[in-house]
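Each residue of the sequence shown is one higher than the one before, counting from 39 in the working numbering.
Yeah, the Cβ is synthetic: ideal placement off N, Cα and C, and Gly gets one too.
Bear in mind the structure is a predicted one, so any value in this text is a computation, not a measurement.
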Amino acid sequence: MKLIPLPAFSDNYLWLLHDAAGQALVVDPGDATPVFDALQRLGLQLRAILVTHHHPDHVGGVAALRDATGAPVYGPARETIPEPLVRLQQGEAFEMLGLRFAVLDVPGHTAGHIAFFAPEAEGGPLLFCGDTLFSGGCGRLFEGTPAQMLASLDQLAALPGATRVCCAHEYTLSNLKFARAVEPDNQALRDYQQRCEALRAEGFPTLPSTIALERAINPFLRTREAAVAAAAQRHDPAVNPADPVAVLAALRAWKNGFQ
Ligand code: ZN
Ligand code: FE
39 MKLIPLPAFS
49 DNYLWLLHDA
59 AGQALVVDPG
69 DATPVFDALQ
79 RLGLQLRAIL
89 VTHHHPDHVG
99 GVAALRDATG
109 APVYGPARET
119 IPEPLVRLQQ
129 GEAFEMLGLR
139 FAVLDVPGHT
149 AGHIAFFAPE
159 AEGGPLLFCG
169 DTLFSGGCGR
179 LFEGTPAQML
189 ASLDQLAALP
199 GATRVCCAHE
209 YTLSNLKFAR
219 AVEPDNQALR
229 DYQQRCEALR
239 AEGFPTLPST
249 IALERAINPF
259 LRTREAAVAA
269 AAQRHDPAVN
279 PADPVAVLAA
289 LRAWKNGFQ
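Okay, structure coming up:
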């Protein structure tokens, strides 16, 4: 099984997964062109299209790929995405390329956002989390509340530490700059920032990350850590540091204006 991030637009990754027999799936194809190119270059047959949420940079290439390949589309039950669509929600699962994909509801960035989790993938569990969890950060709250995003991130943080986290954007360096402002004394964060800077300088993706790493460095998964809660309260004195929802809301607002 091979996992390939296809760059698209300015900072998206369209995740392509394929097996040794040349059967492939793609996650969040906002643009069909890089997917068609990869299918042709690698001699792959597209068997499924997975969609995490309705934003154009995640669904823009779906119709062209479906029309050309006949691949079924698996997506969120509660979002407006053009039919035909296999509508999925928390607790449901499906099989593709011999892998079982469990569906998680992760509202916050959008109201019906889902994630796909393949616990038995060769090389470690796989998570496709769209714009919910980024390395070092999380998605903006366009349609959901801080309480919803906290619950979604808590659910993802509880997955096995070895889970490979396939985020839909290369936002890592800017997220880590913010994370360093929140937790300047976090040594794991400092080390990770150096590794990511070296990767980006060579033009490599920083992704996939892992759940274990994100638990150690991502402030949005660390709202119950004293240092993170205290930083949120320093930024916004109205925040109760014992309330992780308030801490997350304050971090998100702080990050939105962070340069
Ligand atoms: Zn989005
Ligand atoms: Fe996006």
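According to DSSP, residues forming a beta bridge with residue i
i	result
residue 83	61
residue 143	152
residue 50	46 and 207
residue 176	171
residue 247	203
residue 166	154 and 204
residue 293	Paired residue(s): none; residue 293 is not in a bridge.
residue 41	55
residue 88	65 and 112
Backbone CA spacing between residue i and residue j [nearest angstrom]
i	j	result
residue 131	residue 88	12 angstroms
residue 60	residue 83	6 angstroms
residue 282	residue 97	32 angstroms
residue 69	residue 49	12 angstroms
residue 178	residue 94	15 angstroms
residue 54	residue 42	5 angstroms
residue 297	residue 245	22 angstroms
residue 164	residue 218	27 angstroms
residue 242	residue 44	11 angstroms
residue 79	residue 134	22 angstroms
residue 189	residue 214	22 angstroms
residue 119	residue 205	20 angstroms
residue 115	residue 128	9 angstroms
residue 180	residue 56	32 angstroms
residue 263	residue 280	10 angstroms
residue 295	residue 101	35 angstroms
residue 12	residue 265	For residue 12 there is no data in the structure shown, the boundaries of the chain being 39 and 297.
residue 269	residue 40	40 angstroms
residue 220	residue 121	43 angstroms
residue 198	residue 159	12 angstroms
residue 75	residue 225	41 angstroms
Residues near residue i in its chain [Cβ-Cβ closer than 7 angstroms; skip 5 each side]
i	result
residue 193	142 and 144
residue 209	49, 172 and 175
residue 258	175, 176, 191, 286 and 289
residue 186	145 and 146
residue 104	87 and 111
residue 109	84, 85, 86, 87 and 103
residue 168	66, 90, 91, 96, 151, 153 and 206
Assumed close pair residue i, residue j - CB separation to whole angstroms, cut-off 8 angstroms
i	j	result
residue 123	residue 111	5 angstroms
residue 117	residue 147	Wrong, their Cβ atoms sit about 11 angstroms apart, outside the cutoff.
residue 238	residue 211	6 angstroms
residue 156	residue 137	5 angstroms
residue 149	residue 182	6 angstroms
residue 284	residue 250	In fact, because the Cβ distance is near 26 angstroms, the residues do not count as touching under 8 angstroms.
Same chain only: Cβ atoms within 8 angstroms of residue i, ignoring 5 sequence neighbours per side
i	result
residue 291	274
residue 72	44, 45, 46 and 52
residue 195	249, 252, 253 and 259
6 angstroms CB neighbourhood of residue i in its chain, flanking five on each side removed
i	result
residue 23	Nothing can be reported for residue 23, as the shown portion of the chain is limited to 39 through 297.
residue 154	88, 139 and 166
residue 161	none
residue 256	174
residue 247	173 and 203
Item to check | Unbroken stretches of the beta strand (DSSP E), 3 residues or longer, contained in the region 105-144 | outcome: Qualifying beta strand (DSSP E) stretches, in chain order: 111-114, 124-126, 131-134 and 137-143.
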